[in-house]
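Novice: This structure is in structure tokens; I'll ask about it shortly.
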Amino acid sequence: MQLPLDFRPADVLAFHARDPQRRAERVDGDGFAKGFMWHGHPACLTVAFRPGEAEVTLAVDGPAADPAELDAFARHLLGLTQPTAAFETAHRAHPRLGPLLAQRPGLRVPQAATPFEALSWAITGQQISVAAAISVRRRLIDTAGLRHSGGLACYPDAASLARLDEAALRGAGLSAAKAQTVLRVARLVADGLLPLDAWRRDTPAELIRAHLLAIRGIGPWTVDYTLLRGFALVDGSLHGDVAVRRGLQRLLEREEKIGADEAKDWLADFAPWRALAAAHLWAAESPTAPPPGAA
39 MQLPLDFRPA DVLAFHARDP QRRAERVDGD GFAKGFMWHG HPACLTVAFR
89 PGEAEVTLAV DGPAADPAEL DAFARHLLGL TQPTAAFETA HRAHPRLGPL
139 LAQRPGLRVP QAATPFEALS WAITGQQISV AAAISVRRRL IDTAGLRHSG
189 GLACYPDAAS LARLDEAALR GAGLSAAKAQ TVLRVARLVA DGLLPLDAWR
239 RDTPAELIRA HLLAIRGIGP WTVDYTLLRG FALVDGSLHG DVAVRRGLQR
289 LLEREEKIGA DEAKDWLADF APWRALAAAH LWAAESPTAP PPGAA
């Protein structure tokens with residue numbers, strides 16, 4: 039697979055290196071492997087970066103992947119569908135954001151394997167630190183007990199989590215409210231009442247937002263994060279993200295903290311690419327972390 043000249047492999051590798059115990063993702067040198075469920079079967083995706091290209095392979099403990107579907111999946115996972123060039127062209131002259139764009143041209147947001155992974159991870163990470171969220175995620179993966187034949191654990195799909203009960207999720211470290219929300223979402227997806235995967239095909243962001251906000255336990259931050267990480271929809275504001283607000287505080291050279299309302303107003307000027315603006319604020323605040331909203 040050919041990569042754009044401004045592609046940043048280090049961002050993708052940092053995203054998949056979040057868990058130092060390497061349960062379901064493993065970064066080695068210039069590539070990574072990720073365990074997840076592919077159409078209900080344990081699978082291991084391997085991506086090796088070389089100058090200007092990525093070699094992508096998928097080993098499935100089941101029917102082989104369709105090459106065209108795998109290509110589209112890999113392009114999404116690596117952030118190649120995101121309109122970074124249009125965003126940077128439109129705002130490179132901005133007096134505040136422009137210098138950040140010049141520092142990190144081609145900044146993209148690495149994606150979760152599925153919208154359900156993004157949504158369940160966002161619920162897990164609500165109002166806790168990144169380190170705590172990673173620990174809970176690891177325990178959730180262990181609780182689900184899914185493993186590819188190559189050795190990596192697999193992040194559970196909705197059907198796998200729907201078979202668990204609240205006690206099992208509480209044992210993985212989720213609060214009662216989060217366990218109930220994850221199970222609620224998993225069962226809706228498994229029953230076909232929340233067709234997250236189908237929504238990736240040209241469903242308007244506002245329609246997805248309305249459906250998700252109607253689910254008890256899901257708020258605006260969780261929705262914006264899911265739209266960004268699971269659907270590559272880049273107009274979520276992310277003004278509720280603490281790291282984004284810290285990045286904005288640094289950018290504006292302010293001593294006082296930036297509130298969510300002020301951050302929302304500032305990001306509004308960058309529609310329909312507000313989440314890409316937020317990604318640059320996140321990267322400026324946390325240069326070694328994967329942008330934005332790691333929890």
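Numbering of the sequence shown is given in this note's numbering, commencing with residue 39 and proceeding in unit increments.
Beta carbons are placed, not taken as given, at the ideal position from N, Cα and C, and that holds for glycine.
In this text, all values refer to a predicted model and were calculated from it rather than measured experimentally.
Specify the secondary structure class of ARG88 as computed by DSSP and reduced to three states.
Specialist: strand
Novice: Please determine if the segment 133–148 and the segment 234–251 are in contact, where contact requires at least 3 C-beta pairs separated by less than 8 Å.
Specialist: Counting C-beta pairs closer than 8 Å gives fewer than three between the segment 133–148 and the segment 234–251, which falls short of the contact rule.
Novice: Look up PHE125 in the DSSP assignment and say whether it is helix, strand or coil.
Specialist: In the structure shown, the three-state DSSP call for PHE125 is helix.
Novice: Compare the C-alpha of ALA81 against each of PRO89, VAL98 and GLY136 and name the closest.
Specialist: VAL98
Novice: In terms of alpha-carbon separation, which member of ILE256, VAL220, GLU294 and GLY144 lies closest to HIS318?
Specialist: GLY144
Novice: Measure the beta-carbon distance from ALA71 to ARG61 and round it to whole angstroms, keeping in mind my assumption that it falls under 8 Å.
Specialist: Not quite, the Cβ-Cβ distance comes to about 12 Å (not below 8 Å), so this is no contact.
Novice: Per DSSP, VAL147 is paired with what?
Specialist: Per DSSP, none; premise fails for VAL147.
Novice: Between which residues of its own chain and ARG284 is the CB-CB distance below 6 Å, once the five residues before and five after are set aside?
Specialist: GLU323
Novice: In chain order, what residues of the same chain have a beta carbon less than 7 Å from the beta carbon of HIS79, not counting five sequence neighbours either side?
Specialist: VAL98, ASP99 and GLY100
Novice: Considering only residues of the same chain and omitting the five flanking positions on each side of ARG176, which have a CB-CB separation below 7 Å?
Specialist: Counting only Cβ-Cβ distances below 7 Å, and skipping sequence neighbours, we find ASP57, GLN59 and ARG61.
Novice: Given that a residue counts as buried once 16 or more other Cβ atoms are within 10 Å of its Cβ, and exposed if not, what is LEU43?
Specialist: By the beta-carbon neighbour count (other beta carbons within 10 angstroms, threshold 16), LEU43 is exposed.
Novice: Classify GLY297: buried if its beta carbon has 16 or more other beta carbons within 10 angstroms, exposed otherwise.
Specialist: exposed
Novice: Who are CYS82's beta bridge partners in DSSP?
Specialist: GLY73 and ALA97
Novice: Look up ALA191 in the DSSP assignment and give the residues it is bridged to.
Specialist: ARG185
Novice: For ARG225, which residues from the same chain have a beta carbon less than 6 Å from its beta carbon, with the 5 sequence-adjacent residues on both sides left out?
Specialist: ALA200.
Novice: So ARG267 and VAL168 are supposed to be a Cβ contact under 8 Å. How far apart are they, rounded?
Specialist: Not a contact, Cβ separation roughly 14 Å.
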